[in-house]
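In the working numbering, the protein residues as written are 20 to 297. Data block below; observations after.
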């Protein structure tokens with residue numbers, strides 16, 4: 020029987036803790052009697068016993084004499100102990116056990132951070148420019164009165180296939196369509212009411228005379244074209260007062276509705292022949 024000095028797991032743990040806490044001293048070993056067999060010797064040699072140099076490399080000594088652990092991050096960010104001076108850390112609490120470190124980045128990491136910072140700043144600048152554009156667009160454009168040499172306001176209107184040219188000037192409320200009176204040209208009351216609608220909305224009935232020339236389409240399309248041109252002419256005559264009511268009723272916008280074209284094999288655009296089973 021040969022006696023061997025063996026370090027147990029509890030002894031290794033106690034030794035490691037004492038080294039990390041900065042405590043000097045050796046850890047006693049336990050002796051026992053065992054047979055010196057080859058298998059026992061091989062298993063004993065393969066044990067990973069920590070060395071004192073490896074343990075001491077992970078221990079930091081703080082300015083006040085305390086011991087701390089070095090951060091074990093070498094992949095992305097390396098942390099080093101911040102410089103300590105009495106002037107900078109007069110109010111440093113001695114009871115504070117936290118290890119204060121400053122991040123130190125490599126060259127590649129600094130390049131990545133600077134590139135990301137530039138992208139964030141460019142994105143913020145683009146957002147600010149878009150916000151300024153929306154603010155500028157929200158401000159209404161200045162509009163001025165547009166009159167010709169005779170003191171008339173001109174407006175061009177369209178509806179379906181009809182085109183109308185309308186001139187408006189102060190008068191007694193006379194409306195002339197293709198050198199004819201309104202009553203003589205449009206026999207239906209619906210078309211007459213459609214034409215004078217802009218005057219009703221702006222409350223200017225009997226205050227302007229209208230001269231218009233209309234071509235193309237039927238009477239219904241021509242009436243709509245005259246109303247469109249009349250509303251535009253009134254808006255040019257006094258945009259500050261007439262534009263808001265005319266726009267709210269939709270008289271400044273062209274009516275996009277058109278007649279649907281006929282389809283092959285049908286009687287009209289949608290109408291088909293009557294289906295017979297037999």
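Quick reminder that beta carbons are idealized off the backbone N, C-alpha and C, glycines included.
{"query": "Would you call the CB atoms of residue 235 and residue 181 closer than 8 Å?", "result": "yes"}
{"query": "By the 10 Å Cβ neighbour count, where 16 or more other Cβ atoms means buried, how is residue 147 classified, buried or exposed?", "result": "exposed"}
{"query": "Mind checking which residues open and close the alpha helix (DSSP H) that includes residue 251?", "result": "238 to 256"}
{"query": "Classify residue 286 as buried or exposed, calling it buried when 16 or more other Cβ atoms lie within 10 Å of its own Cβ.", "result": "exposed"}
{"query": "With distances taken Cα to Cα, identify the nearest neighbour of residue 201 among 188, 215, 190, 189.", "result": "215"}
{"query": "Taking the alpha carbon of residue 246 as the point to measure from, which residue in 196, 166, 164, 191 has its own alpha carbon closest?", "result": "196"}
{"query": "Using a threshold of 8 Å, state whether the C-beta atoms of residue 150 and residue 252 are closer than that.", "result": "no"}
{"query": "If you count every other CB in all the chains shown that lies within 10 Å of the CB of residue 205, and 16 or more means buried, which is it?", "result": "buried"}
{"query": "Alpha carbon to alpha carbon, what distance is there between residue 288 and residue 280?", "result": "6 Å"}
{"query": "Assuming residue 264 and residue 295 form a contact by the criterion Cβ under 8 Å, report the distance between their Cβ atoms to the nearest whole angstrom.", "result": "At roughly 55 Å, the Cβ-Cβ gap does not stay under 8 Å, so residue 264 and residue 295 are not in contact."}
{"query": "So, at 6 Å on beta carbons, what are the nonlocal neighbours of residue 230 in its own chain, with the 5 sequence-adjacent residues on each side left out?", "result": "186, 195"}
{"query": "Using the Cβ count rule (16 or more neighbours within 10 Å means buried), how would you classify residue 189?", "result": "exposed"}
{"query": "Per DSSP, residue 228 is paired with what?", "result": "188"}
{"query": "Got a sec? Which residues, its chain only, sit under 8 Å from residue 170 by beta carbon, not counting five neighbours each side?", "result": "188, 189"}
{"query": "Would DSSP call residue 177 helix, strand or coil?", "result": "strand"}
{"query": "Taking the straight line between their C-alpha atoms, what separation do you get for residue 270 and residue 158?", "result": "22 Å"}
{"query": "Opposite residue 195 in the DSSP bridges: which residues?", "result": "200, 230"}
{"query": "For residue 208, tell me which candidate among 259, 260, 242 has the shortest Cα-Cα distance.", "result": "242"}
{"query": "Could you give the distance in angstroms between the alpha-carbon of residue 152 and the alpha-carbon of residue 145?", "result": "11 Å"}
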